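Enquirer: Sharing a structure with you now.
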Amino acid sequence: MLDGRLSLTTPEGVRLSLTPAGPGARALAWLVDGVIWVVCLWIMLVIMGMLGKVGQSLILIWVFLANWGYPVICEVYFGGRTIGKRVAGIRVLRSDGLPVGWRESGIRNLLMVVDFMPVVYLTGLISMIYDDQFRRLGDIVARTQVVYVEKPPARTVLPKAAPLPLPFPLTPEEQRVLVDLFERERALPPGRLAELGSIAHELTGLYDGESLERMRSYVAGLVQ
Amino acid sequence: MKQSQFEAEHAELWREIDAIIAGASLQTEELPAYYRRLCQCLALALQRGYSPTLTDYLQRMAFDCHSRIYGAVVERPMRLRAWLNVELPRRVRQEWRLLLVITLAFWGVALLCGLLVWWKPYLAYSFMSAGELSTMHQMYQPGAVNIGRGGADGDFAMFGFYIWNNVSIDFRTFASGLLAGIPALLSVMFNGVNGGVVAGWLSLDPATRGTFWPFVVTHSSFEIYGLMLSGVAGMRLGLVLIKPGRLSRRHALFAAGRRMFPVIVGAALLTFIAAFFEAFWSANTAVPEVVKYSVAACCWTGLTAYFIFAGRGAGPGADGANDAEGRDAA
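Here the protein sequences come in this chain order: A and B.
In terms of my numbering, the first sequence opens at residue 14 and continues consecutively.
In terms of my numbering, the second sequence opens at residue 46 and continues consecutively.
Printed below as a string of structure tokens:
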């Protein structure tokens, strides 16, 4: 497909589509996690500074867990998202669309070391640029995929109008386009709507606003 | 059928599914049946050209159901035990050639460096700076309050350092192996050089010889096995990239990652154990040397026996199918 979405077919014959997340969103997620890490480390240093040598040891254990454990635990137990990924609106999935497990998450996060080399994720970036699904090396080995979390679309109620039958049959795809227009009506400027009305002259035999109102009636006839 | 009729007819079903997904409903055992009906709704909605918001809504719901149904983890009691008893030693034995290479890389290099330093002590200075060597020497002076560390720090204080430093070395060794296996091998060799030179240097002086060996002999069993396992796992990843066999590189990497995951987890586990020993046992001067040496002997033989004998003839492991897949890939 042209839009770069991944399409997965389930055993039930349903197609699920996922949108791979690119370097931008992932860099944002990483930055947010990094800032959280620095802030937490600073707090830990202040608290543990009071505990002397034992505190130092606890800090190192904490650094270990924060570095290697935090992403894995977040991905396995919190829907494939660290706090940074939550902010960036992305999540990690297996490339078959299912939630990641310990193995996938563990491997992809261990291999972050390689993706980070030689500086700030250069290898990972190059890998993402060459891969058509924006996967870094860790993702390729673990077979995971970072995708956008799509918000459930708000179901709009179509404006009421007197229903009219279509002058000639439309294909389902064409009907869909027509209904889509009125579902997105509020987001479109009036001038553009009038223009679209004129474009639909062949269907309605009218121009501008009148044509638009006629189409509204057709849509009402299709839906109601 | 008009869209509004369709929506009215199935609204009940969609509400039920929404409730189950949101965790508000307890009828989860109904989900598969609901899901099949939902799939039918979606197919109809798409085929009849219903509006995009409706089909998007149904698609989203189908995705949630799919993750919920197929993403459910099968209860596998004793998973970890099966891993440790069967899979880890088996995978390590499967990679015996790499293990041999890594063993030579570590022990060969360590022995060579140790003997070189023993034979011509001044050679130690070409591996480490004079400052480092004298710090080492002081750390293992019999008079030092706590042998093997800078000063009178508590055992726990060093524990955090061992965990962070040593386990991270394992992980980095594994990950860097992806680059054609060479970095993993170099990492193991580098640690071999380090260990060999330090051991050789400290063995020269009878005073430090008597403190150094009882200190390292126990925990090194776990630590060196851990390092070698991460080296094996890392090299396997890199070699598969060079020679993927009958699979595509991506598939081969995936299969190798899957196969090596128990090994790297085992390596981390061993290094954790090593950190415990190193922090709380090795530096304990109250324990007589004889006890330390006997415990060390038990650890070394135990671990070696574990990797040779564990998991033999116990039938297929918890995921035996993967084993077969792995062998094909190799």
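No residue lacks a Cβ here, since even glycine has one placed at the ideal position from N, Cα and C.
From a predicted model like this one, the values you see are computed outputs, not experimental measurements.
(1) Could you check what DSSP says for A/T23 in three-state terms: helix, strand or coil?
(2) Got a sec, what are the start and stop residues for the beta strand (DSSP E) A/I103 sits in?
(3) Alpha helix (DSSP H) containing B/Y185: first to last residue?
(4) Can you give the beta carbon distance from B/E268 to B/N211, rounded, assuming they're within the 8 Å contact cut?
(5) How far does the beta strand (DSSP E) with A/L29 in it extend, from its first residue to its last?
(6) For the beta strand (DSSP E) containing B/Q139, list its first residue and its last residue.
(7) Nearest by alpha-carbon distance to B/F306: which of B/L71, B/L129, B/P166 and B/G205 is it?
(8) In this structure, does DSSP put B/A197 in helix, strand or coil?
(9) Would you mind giving the Cβ-Cβ distance between B/L272 and A/V127, rounded to the nearest angstrom? I have them listed as a contact below 8 Å.
(10) Assign B/A313 to one of two classes, buried (16 or more other C-beta atoms within 10 Å of its C-beta) or exposed (fewer than that).
(11) What residue range does the alpha helix (DSSP H) around A/V159 cover?
(12) Hey, is A/L124's beta-carbon within less than 8 Å of any beta-carbon in chain B?
(13) For the region 215 to 246 of chain B, which residues have a beta carbon sitting closer than 7 Å to at least one beta carbon of chain A?
(14) Using only the alpha-carbon positions, how far apart do B/K337 and B/G255 sit?
(15) Whole-angstrom Cβ separation of B/L83 and B/A117, contact assumed at under 8 Å?
(16) Going along chain A in order, which residues have a C-beta closer than 7 Å to the C-beta of B/R93?
(17) Relative to the C-alpha of B/N308, which candidate in B/T218, B/S232 and B/E177 has its C-alpha closest?
(18) Please check the pair B/R126 and A/P185, which I expect to be a contact at CB under 8 Å, by giving their CB distance rounded to whole angstroms.
(19) Based on Cα-Cα distance, which residue from A/D193, A/G222, A/T32 and A/V59 lies nearest to A/D16?
(20) Can you check whether the CB of A/G234 is closer than 8 Å to the CB of A/Y161?
(21) Using a Cβ-Cβ distance cut-off of 8 Å, determine whether A/R18 contacts chain B.
(22) Which residue comes first and which comes last in the alpha helix (DSSP H) that contains A/G37?
(23) B/H264 versus chain A: which residues are under 7 Å apart at the beta carbon?
(24) Check each candidate in B/A320, B/M203, B/P259 and B/M181 and name the one with the smallest Cα separation from B/P333.
(25) Taking the alpha helix (DSSP H) that B/N239 belongs to, which residues open and close that run?
(26) I'd like to know whether the C-beta of B/G195 is nearer than 8 Å to at least one C-beta of chain A.
(27) Are at least three pairs of beta-carbons, each pair with one atom in the region 60 to 74 of chain A and one in the region 129 to 136 of chain A, less than 8 Å apart?
(28) Could you check how far apart the C-beta atoms of A/L225 and A/G210 are, in whole angstroms? I think they sit under 8 Å.
(29) Grouping DSSP H, G and I as helix and E and B as strand, with all else coil, what is B/P166?
(30) Report the residue from B/A229, B/P134, B/S213 and B/A169 whose alpha carbon sits nearest the alpha carbon of B/I353.
(31) Applying a beta-carbon distance threshold of less than 8 Å, which residues of chain B neighbour A/W81?
(32) In three-state terms, what does DSSP make of A/P182?
(33) For the 8 Å Cβ check, are there 3 or more pairs between the region 27 to 41 of chain A and the region 160 to 177 of chain B?
(34) Determine whether the beta carbon atoms of B/A229 and B/G279 lie at a separation below 8 Å.
(35) Determine, for B/A328, whether the minimum Cβ-Cβ distance to residues of chain A falls below 8 Å.
(36) Just how far apart, CA to CA, sit B/P251 and B/V243?
Expert: Straight from the coordinates:
(1) Within the first sequence, residue 23 of chain A is the residue found at index 10, counting from 1. A/T23 falls in the coil class under three-state DSSP.
(2) Reading the first sequence from its first residue, position 90 is the one you call residue 103 of chain A. Where A/I103 is concerned, the enclosing beta strand (DSSP E) stretches over I103 to R107.
(3) Numbered from its first residue, the second sequence carries residue 185 of chain B at position 140. No alpha helix (DSSP H) contains B/Y185, which DSSP labels as neither H nor E.
(4) Position 223 of the second sequence, counted from the start, is the residue given in the question as residue 268 of chain B. Position 166 of the second sequence, counted from the start, is the residue given in the question as residue 211 of chain B. So it is a contact: roughly 6 Å between Cβ atoms.
(5) In the first sequence, residue 29 of chain A corresponds to position 16, counting from 1. Taken as a continuous stretch (DSSP letters only), the beta strand (DSSP E) holding A/L29 covers R28 to L31.
(6) Position 94 of the second sequence, counted from the first residue, corresponds to residue 139 of chain B. B/Q139 -> not in any beta strand (DSSP E); alpha helix (DSSP H) instead, spanning L133 to Q139.
(7) In the second sequence, the residue the question calls residue 306 of chain B occupies position 261. Looking at the Cα atoms, B/L129 is the closest of the given residues.
(8) Looking up residue 197 of chain B in the second sequence gives position 152. At B/A197 the pLDDT is 45, less than 50, meaning the model places this residue with poor confidence and gives no usable figure here.
(9) Reading the second sequence from its first residue, position 227 is the one you call residue 272 of chain B. Reading the first sequence from its first residue, position 114 is the one you call residue 127 of chain A. Not really, about 18 Å apart at Cβ, beyond 8 Å.
(10) The residue labelled residue 313 of chain B in the question sits at position 268 within the second sequence. B/A313 should be labelled buried.
(11) As a working note, residue 159 of chain A is residue 146 in the first sequence. Here A/V159 belongs to no alpha helix (DSSP H); instead the beta strand (DSSP E) covers T157 to Y161.
(12) Here residue 124 of chain A refers to the residue found at position 111 of the first sequence. Chain B contact via Cβ: present.
(13) F216, R217, F219, A220, S221, L223 and L224
(14) Along the second sequence, one-based indexing puts residue 337 of chain B at 292. Along the second sequence, one-based indexing puts residue 255 of chain B at 210. C-alpha separation (whole angstroms): 12 Å.
(15) The residue labelled residue 83 of chain B in the question sits at position 38 within the second sequence. The residue labelled residue 117 of chain B in the question sits at position 72 within the second sequence. That pair is no contact at about 17 Å.
(16) Locating residue 93 of chain B in the second sequence gives position 48, where the first residue counts as 1. Within chain A, the residues near B/R93 are P185.
(17) As a first step, residue 308 of chain B is located in the second sequence; it is residue number 263 there, counting from the start. The sequence as given places Val at residue 308 of chain B; Asn does not occur at that position. Answer by Cα proximity: B/T218.
(18) Along the second sequence, read from residue 1 onward, the residue named residue 126 of chain B stands at position 81. Along the first sequence, read from residue 1 onward, the residue named residue 185 of chain A stands at position 172. Rounded, the Cβ-Cβ distance is 55 Å, inconsistent with contact.
(19) Translated into positions along the first sequence, residue 16 of chain A becomes position 3. Closest option to A/D16, Cα to Cα, is A/T32.
(20) Residue mapping note: residue 161 of chain A aligns to position 148 of the first sequence, counting from 1. Residue mapping note: residue 234 of chain A aligns to position 221 of the first sequence, counting from 1. Not in contact: A/Y161 and A/G234 (Cβ atoms no closer than 8 Å).
(21) Here residue 18 of chain A refers to the residue found at position 5 when the first sequence is read from its first residue. No, A/R18 lies away from the interface with chain B (no Cβ there is under 8 Å from its Cβ).
(22) Working through the first sequence from its first residue, we reach residue 37 of chain A at position 24. Where A/G37 is concerned, the enclosing alpha helix (DSSP H) stretches over P36 to G62.
(23) In the second sequence, the residue the question calls residue 264 of chain B occupies position 219. None at all; the shortest Cβ gap to chain A is about 17 Å.
(24) What you label residue 333 of chain B is simply residue 288 of the second sequence in a count that begins at 1. Measuring from the Cα of B/P333, the nearest candidate turns out to be B/P259.
(25) Looking up residue 239 of chain B in the second sequence gives position 194. Note, B/N239: alpha helix (DSSP H), I227 to L249.
(26) As a working note, residue 195 of chain B is residue 150 in the second sequence. For B/G195, the predicted model reports a pLDDT of 46, less than 50, meaning its position is unreliable; a value from the coordinates is still stated below. Answer no: the Cβ-Cβ gap between B/G195 and chain A never drops below 8 Å.
(27) no
(28) Within the first sequence, the letter at position 212 stands for residue 225 of chain A. Within the first sequence, the letter at position 197 stands for residue 210 of chain A. About 4 Å separates the two Cβ atoms, so the contact holds.
(29) As a first step, residue 166 of chain B is located in the second sequence; it is residue number 121 there, counting from the start. Note: B/P166 maps to helix in three-state DSSP.
(30) To locate residue 353 of chain B, count along the second sequence from 1; it is residue 308. For B/I353, the nearest C-alpha among the options comes from B/P134.
(31) Taking the first residue of the first sequence as 1, we reach residue 81 of chain A at position 68. Ordered by position in chain B, the residues that pass the 8 Å Cβ test against A/W81 are V212, S213 and F216.
(32) In the first sequence, counting from the first residue as 1, residue 182 of chain A sits at position 169. If DSSP states are grouped into helix, strand and coil, A/P182 belongs with coil.
(33) no
(34) Along the second sequence, one-based indexing puts residue 229 of chain B at 184. Along the second sequence, one-based indexing puts residue 279 of chain B at 234. Cβ atoms of B/A229 and B/G279: closer than 8 Å.
(35) Here the question's residue 328 of chain B lines up with position 283 in the second sequence. No, B/A328 does not count as interfacial toward chain A.
(36) Residue numbering aside, residue 251 of chain B sits at position 206 when the second sequence is read from its first letter. Residue numbering aside, residue 243 of chain B sits at position 198 when the second sequence is read from its first letter. The alpha-carbon atoms of B/P251 and B/V243 are separated by roughly 14 Å.
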